[in-house]
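**Student:** Sequential numbering of the sequence shown, starting at 5, is according to our numbering.
Ideal Cβ placement from N, Cα and C applies to all residues, glycine included.
The structure displayed is predicted, hence computed values, not measured ones.
Sharing a structure here in structure tokens format.
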Amino acid sequence: LKRGVHDLTRCTGAPMVVSLPHFYLAHEDYVNDVRGLHPQKHLHETTLHFEPLTGTPMLGFKRLQFNIKMHKISNFKLMKNL
Numbered sequence: 005l006k007r008g009v010h011d012l013t014r015c016t017g018a019p020m021v022v023s024l025p026h027f028y029l030a031h032e033d034y035v036n037d038v039r040g041l042h043p044q045k046h047l048h049e050t051t052l053h054f055e056p057l058t059g060t061p062m063l064g065f066k067r068l069q070f071n072i073k074m075h076k077i078s079n080f081k082l083m084k085n086l
């Protein structure tokens, strides 16, 4: 796998990978290979907000995208355009 995508197959027993949403910060091939992806920093990065005096975490966002690894199967009509 290329940068920004992590294989979960050994953990899940299924052909799954995880990334940031819209493959944000992942190798550009992933974004270019799928129509409709628009990775944006302000929407897809991990964010933490801290109270400035005490350093107490006040708010956080961790966004993930789970993907199924798929391969083209020439005799399977639904997958002919992969």
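#1: To the nearest angstrom, how far is the alpha carbon of His48 from that of Leu82?
#2: Taking all protein chains shown into account, do 16 or more other C-beta atoms lie within 10 angstroms of the C-beta of Leu38, making it buried, or fewer, making it exposed?
#3: State the DSSP-derived secondary structure class of Met74, mapped to helix, strand or coil.
#4: Contact check, Thr50 vs Phe65 under 8 Å by CB: the rounded distance?
#5: Using alpha carbons as the reference points, say which of His75, Met74, Ile72 and Arg7 lies closest to Glu2.
**Tutor:** To lay it out plainly:
#1: By one-based count along the sequence shown, residue 48 stands at place 44. By one-based count along the sequence shown, residue 82 stands at place 78. It is roughly 30 Å from the alpha-carbon of His48 to the alpha-carbon of Leu82.
#2: Taking the first residue of the sequence shown as 1, we reach residue 38 at position 34. According to the sequence displayed, residue 38 carries Val and not Leu. Exposed.
#3: The residue labelled residue 74 in the question sits at position 70 within the sequence shown. Note: Met74 maps to coil in three-state DSSP.
#4: Taking the first residue of the sequence shown as 1, we reach residue 50 at position 46. Taking the first residue of the sequence shown as 1, we reach residue 65 at position 61. Sure, about 7 Å apart at Cβ, within 8 Å.
#5: Residue 2 is absent from the structure shown; the chain starts at 5 and stops at 86.
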